[in-house]
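A.B. asks:
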Amino acid sequence: MKVKIHRLFEYLLETTEKAPEAIVGFSLSAAPVLGDFLDALDPAQSLDWNGRDFRGLPELRTHVLAQAGLEGLCQLEDVLITAGAAEANYLAMMQLLESGDEIIVETPGWPQAEVLARAKGATIVPVHRQEAEGWTLPLEALRDATTARTKMIFLSNPNNPTGQLLNTSELQEIVRIADRVGAWLVVDEVYAGLEWHRPRAPSIAGLYPRGITTGSVSKALGLQGLRTGWLVCQNQDLVMDAVILRENASEIMNIMGEVIAEIALRPERLVPALATARQAGAQNLARLNSWIAAEPNLDWIPPQAGLIGLGRLPDGIDSDRFAQRLLDDPYRTFLLPGSAYHQPQHIRLGVGGGPEVNLEEGLNRVSRALQDWRG
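Converting from the sequence shown to my numbering requires adding 822 to each position, the first position being numbered 1.
(1) Select from Ala914, Gly847 and Thr837 the residue whose C-alpha is nearest the C-alpha of Glu1178.
(2) Which one of Phe859, Gln986, Asn982 and Gly1004 has the shortest CA to CA distance from Met974?
(3) Can you name, in chain order, every residue of its own chain whose Cβ lies under 6 angstroms from the Cβ of Tyr1153, other than the five neighbours on each side?
(4) At which residues does the beta strand (DSSP E) containing Asp875 begin and terminate?
(5) Determine whether the beta carbon atoms of Ala1086 and Phe859 lie at a separation below 9 angstroms.
(6) Tell me, to the nearest whole angstrom, how far the beta carbon of Trp1006 is from that of Ile1026; I am working on the premise that it is less than 8 angstroms.
(7) Just the C-alpha distance for Pro865 and Gly1047, rounded to the nearest angstrom, thanks.
(8) Short of 7 angstroms in beta carbon distance, which residues of its chain neighbour Phe876, apart from the five on each side in sequence? Order them along the chain.
(9) Compute the Euclidean distance between the alpha carbons of Ser991 and Ala1023, then round it to the nearest angstrom.
(10) Name the DSSP beta bridge partners of Trp1006, please?
(11) Does the Cβ of Asn872 have 16 or more other Cβ atoms within 10 Å, making it buried, or fewer, making it exposed?
(12) Using a 10 Å radius around the Cβ and a threshold of 16 neighbouring Cβ atoms, would you call Phe831 buried or exposed?
(13) Please name the residue or residues paired with Glu899 in a DSSP beta bridge.
(14) Quick one: using the 10 Å Cβ neighbour count with 16 as the cut-off for buried, is Leu869 buried or exposed?
(15) Measuring straight from C-alpha to C-alpha, what distance separates Val997 and Leu1067?
(16) Distance, Cα to Cα, Leu1016 vs Leu1129?
(17) Once you ignore the five residues that flank Gly1176 on each side, which residues in its own chain have a CB closer than 6 angstroms to its CB?
Have a look at this one:
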């Protein structure tokens, strides 16, 4: 098995040393600082592993169930704390997919599933979200794509990168589609908690015995550097398989990630933190909507949740070339090309981050770059 690089990560590697002065496409909330948690940290905290459970701190797993609305639907033993949602997705796919299996993925969607499935020798069956249909997931196409050969369906909700949100009835229909053939259903929920006009959708682990919810503290809470996420599934054999695989890779979670994430997910901290993140995100999103409405060279469908969406470039502008030019003088601005999501006519726009991303100046520079290109 050889994992090959995806365009998204390749572009990030290429641009690491560019030192942009502005970012238009930041995908997570402004990051807290360590000092925000010092009042709740024990100076005598051991830096060994938690010493209590290979699945993660029990109190942290309790918070994971609570914030996802899974209390009473899933047990503590159904939760595994992982190195971000990325490791959770990895552990599930590596243990469930075999060469020759079919996996259904949405496009545009989070590309990790496609990369790992290809490395395992699985057959990738894409279901296409269409911009003309508001980037909604076409359930009829998903139903038609699901066959007796389907081992797994991988989705993100809210969708990464369009920010579109599946509601309860849509998720229930997806469960019926998966259950008809006994497929596993993985739903990455990293942007859950940042819904703008609709309530948070139910987590798939509470709707389906073969449903796997993955998530993390990275996006809504801005705690990406903790590398702390989770996998939740009612099938405890799958959870144990994930524990076993991780034992032969990263082995255990880092204790500081667990401890700080547990503090961050305490209800008395989580509620105000999410309120702050929503307020900042909503303000930036309103600004971005106004900017696009006045920008003749861009169009987009605003996200229903999360901090990112796809903007459509005018005909004749390739997203890779535009993103590369934007990084150079005089623009010095970072955004992701849509080619990272099989959408070469688009760019990824985002409203995350704090003042340091210099969003307003970044928008001005993108406008100037579009004018210069058209000129």
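Using N, Cα and C, we set each Cβ at its ideal position, and we do this for glycine too.
C.D. replies: According to the structure shown:
(1) Gly847
(2) Gly1004
(3) Arg1187 and Ala1191
(4) Unbroken run through Asp875: none, as it is neither H nor E.
(5) yes
(6) 10 angstroms between Cβ atoms; not a contact.
(7) When only Cα atoms are considered, Pro865 and Gly1047 end up about 20 angstroms apart.
(8) Val1065 and Ile1074
(9) Using only the alpha carbons, I get a separation of about 10 angstroms.
(10) Answer is Met974.
(11) Classified as buried, Asn872 has 16 or more neighbouring CB atoms from the shown chains inside 10 Å of its CB.
(12) exposed
(13) DSSP output for Glu899 lists no bridge partner at all.
(14) exposed
(15) One alpha carbon belongs to Val997, the other to Leu1067, and they sit about 27 angstroms apart.
(16) 8 angstroms
(17) Ala852
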